[in-house]
Amino acid sequence: MDSLPEQNGLSIVSNFKAGNEGAFDQLFNHLYSPLCVFSQRIVNDHFAAEDIVQEAFVKLWERHADFDTFPAIRSFLYITVKNAGFNFLEKGKVKQKHQDYVLKHDLSIERSILHGIIEAEVLHNIVSTIETLPEQCQRVIKMTFLEGLKPKDISAKLGISVSTVNNQKMRGLSLLKERLTQRDFLFCAAVIIHGFWK
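Sequential numbering of the sequence shown, starting at 3, is according to the working numbering.
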């Protein structure tokens with residue numbers, strides 16, 4: 003899984019502990035995207051997921067003096083996001099079936115968090131690769147992969163035909179197959195074609 007380079011990472015963590023805002027920005031840039039993916043998997047709401055992650059970083063900054071290692075920082079953020087995600091679902095009673103599924107499969111915090119970190123960072127690698135696609139192709143893949151939209155919904159939002167959406171989706175899959183590992187591509191393709199996490 004992703005981690006900070008050893009020497010640079012030690013410097014970033016020590017500077018962060020001392021209250022250096024630049025070090026905080028580096029941690030934010032390194033962890034924000036995978037945390038958003040992790041949060042999205044829990045709450046199934048793109049904007050709420052981002053809000054939860056941003057609030058987690060606020061809490062991290064408020065406690066910056068408490069952390070000595072990068073794994074401790076990362077664990078704090080993932081656990082904070084996980085708990086906030088469950089609170090969001092509980093307070094709003096949002097998508098009850100999704101909530102029940104998440105809670106049912108939360109067998110233990112330790113295993114769930116570790117699995118979530120690995121999965122979120124795999125997804126982060128996929129999302130980073132999606133960012134390299136041509137603009138229209140990238141937008142179609144993002145709306146399919148991240149938002150779970152159907153071709154007709156993407157067609158309406160982008161003002162293009164459904165056939166164009168499908169063509170761009172297939173083009174995107176072809177390019178992703180060239181640029182991702184086989185494991186990551188198969189995972190990505192399953193989401194895009196079958197929408198299994200919706």
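Just so you know, even glycine gets a beta-carbon here, dropped at the ideal spot from N, CA and C. As the structure is a prediction and not an experimental result, all values here were calculated from the model.
Beta-carbon within less than 7 Å of residue i's beta-carbon, same chain only, minus the 5 sequence neighbours each way: which residues are those?
i	result
residue 151	145
residue 170	138, 139, 142
Restricting to Cα atoms, I'd like to know which of the options is closest to residue i.
i	options	result
residue 2	89, 46, 26	The question about residue 2 has no answer, for the chain in this structure spans 3 to 200.
residue 84	73, 38, 67	38
residue 159	141, 57, 148, 171	141
residue 80	46, 62, 90, 91	62
residue 47	164, 177, 91, 175	91
For residue i, count neighbouring Cβ atoms within 10 angstroms of its own Cβ and tell me buried if that reaches 16, exposed if not.
i	result
residue 184	exposed
residue 132	buried
residue 51	buried
residue 174	buried
residue 49	exposed
residue 71	exposed
residue 73	exposed
residue 41	buried
Grab me the residues of residue i's own chain with a C-beta within less than 8 Å of its C-beta, minus the 5 sequence neighbours each way, in chain order.
i	result
residue 168	153
Anyone know if the C-beta pair for residue i and residue j falls short of 8 Å?
i	j	result
residue 30	residue 66	no
residue 34	residue 15	no
residue 57	residue 86	yes
residue 135	residue 188	no
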